[in-house]
Ligand code: MRU
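Residue numbers (UniProt numbering): 1 to 372.
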C-alpha cells in the first residue's frame, strides 16, 4: 500500500466506534478528503455515489462493511445483502461481502460468541485487502512481461480508459499497475488517458495518479480516440474489468467496447487486466452481465455534479451540476459496456495470462486458481 498518500480505504476504531474510512473519490483531484462511514447505509451511499469505486476496492469495501455490521451488532445477513447489491456489475463487491459474511457465519457456528465472530469477520476483510495488494504486484509482473512480448522495443504509448490504479485497489491497481511497472522500467513513452465521460474517472483520477507517478501523460476527450489510432499513436490499450464472464466477455466502463473495436481495426493489442476474483464463472456469457444504468443528470449536467459544475453563472441542475442540455432532455447512461472476447488480445490476471481469450482458457485459469 502507498503509505505516503491518504489511504484509499481503511477500517478504523474511532472514539465513536468502528468505521470504514474512505478517500472520497468524488472530490479528487481538487481535494483529498476522507469520508467516515459508521454504518452500512452510509457505506452503501458512498458506493453508489462513487466515493469508493472500481472493482477490486469495491470488494474490499463490501468486506469491511460486513465486518463493520458485525462489530456494531447490526444484522450481518442484511448488511451483506445491502452491500452485495449496492452496484450490480462489479462482481468483486458481492464476492467481498459474501466472503466476509461466510467467515462470520462459520465463526458463529463454531460457537465462539459474537465478539469473536466479529473479530473473525474483520480478519477476513483485512486478509482480502492484503491479498488484493499482493495480486496487484503479480498482475504488474505478468502484464509488463506480456507487453514486452506483444510490443517489443520499449517506448510504449499506452491508451487507457477509466481509472484502474491505486484508487481501485489494496495495491497499485490493475491496468494502471502494469503501466506503472512499464514506467518504472523506463519503457513508457506516453500514457494516453481517455477522459471517461460522464464522470471523468480518466481525467480526474487516472491523470491524478499519472501525475503522482511522474509519467508523461495526455488526457484526451473520449471522441478523440479514433484519430489517435488513425495517427498510429497507440501501441497498446490496457483497461480493467468489472466482470469477466465464463466466455471471456468483459464488462468495463462504458466506452471500452468502442476502444476494443478501434484497436481491432488498427491491429493494436487490446489487453484486459483484472484480478482473478473479477472472473465470474457463474455468468456464462456477456449477455448475462447486468449493466448498471445510472441517473440522467450525470450526462445532462456536466462535467461533474460537484465543484466544477457550480461556479458563478452556472445553471444548476437537479444533480447540483451545471446543465449542458435543454431542460427535460432524456439521457442514455449505462455505466458499463460489454466487449466480446474476440476483440480481447489477452486477459492478464494475478494467476496468469489467458491468450487467446476463450471459454476453455478462462475455465483452465479458474480451475488452477485458489481465488476462484
Ligand atoms: O463506475 P466505476 O468508476 O466504478 O467503474 C470502474 C471501472 O470501470 C474500472 O475500469 C473497473 O472497475 C476496473 S478497476 C480495476
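Just so it is clear, CB atoms sit at the ideal spot from N, CA and C, and this is done for glycine as well.
Review point. Residue 334 by DSSP, collapsed to three states: which one?
Key: strand
Practice item. Count the other C-beta atoms from every protein chain shown that fall within 10 angstroms of the C-beta of residue 159, then say buried if there are 16 or more, exposed otherwise. Key: buried
**Study point:** Anticipated Cβ contact below 8 angstroms, residue 273 with residue 240, distance rounded
**Key:** 6 angstroms
Review point. Can you find at least 3 beta carbon pairs, one from the stretch 282-299 and one from the stretch 324-343, that sit closer than 8 angstroms?
Key: yes
Point to revise | Residue range of the alpha helix (DSSP H) that includes residue 366 | key: 359-367
Check your understanding: Between the C-alpha atoms of residue 127 and residue 43, what's the straight-line distance to the nearest angstrom?
Key -> Rounded to the nearest angstrom, the two C-alpha atoms are 20 angstroms apart.
Exercise for review: With DSSP as the reference, label residue 236 as helix, strand or coil.
Suggested key: strand
Check your understanding: Measuring from the CB of residue 242, is there a heavy atom of the ligand MRU at a distance below 6 angstroms?
Key -> yes
Check your understanding: Can you find a heavy atom of the ligand MRU that lies under 6 angstroms from the Cβ of residue 201?
Key -> Taking non-hydrogen atoms of the ligand MRU into account, the C-beta of residue 201 is found less than 6 angstroms away from one of them.
Point to revise | Element boundaries [alpha helix (DSSP H), containing residue 98] | key: 91-109
Exercise for review: Run the CB neighbour count on residue 360, radius 10 Å, all protein chains shown included, and call it buried at 16 or more, exposed below.
Suggested key: exposed
Exercise for review: Measure the Cβ-Cβ separation of residue 293 and residue 356 and say whether it is below 7 angstroms.
Suggested key: no
Review point. Is residue 100 near the ligand MRU, with its Cβ less than 6 angstroms from a heavy atom?
Key: Incorrect: residue 100 has no Cβ contact closer than 6 angstroms to the ligand MRU.
Check your understanding: How would you write the range of the alpha helix (DSSP H) that residue 227 sits in, first residue to last?
Key -> 225-230
Review point. Using the C-alpha atoms, what's the distance from residue 104 back to residue 68?
Key: 11 angstroms
Review point. Taking the Cβ atom as the reference point for each residue, do residue 194 and residue 186 lie within a distance shorter than 7 angstroms?
Key: no
**Study point:** Contacting residues, own chain, Cβ-Cβ under 6 angstroms from residue 117 (five flanking each side not counted)
**Key:** 104, 107 and 108
Review point. Relative to the ligand MRU, is the shortest distance from any of its heavy atoms to the C-beta of residue 352 smaller than 6 angstroms?
Key: no
Practice item. Indicate whether at least one CB of chain C lies closer than 7 angstroms to the CB of residue 150. Key: No chain C appears in this structure, which consists of one protein chain only.
Check your understanding: Among residues of its own chain, excluding the 5 on either side of residue 36, which ones have a beta-carbon nearer than 6 angstroms to its beta-carbon?
Key -> 19 and 21
Review point. If you draw a straight line from the C-alpha of residue 223 to the C-alpha of residue 80, how long is it?
Key: Whole-angstrom Cα-Cα distance: 39 angstroms.
Review point. Using 8 angstroms as the threshold, is the stretch 50-65 in touch with the stretch 119-126, meaning 3 or more CB pairs across them?
Key: yes
**Study point:** Inter-residue spacing [alpha-carbon to alpha-carbon] between residue 99 and residue 53
**Key:** When the Cα atoms are used, residue 99 and residue 53 turn out to be separated by approximately 19 angstroms.
Review point. Comparing alpha-carbon positions, which option in 369, 26 and 33 lies nearest residue 280?
Key: Out of 369, 26 and 33, 369 has the C-alpha closest to the C-alpha of residue 280.
Point to revise | residue 197 in three-state terms, based on DSSP | key: Judged by DSSP in its simplified three-state form, residue 197 adopts coil rather than helix or strand.
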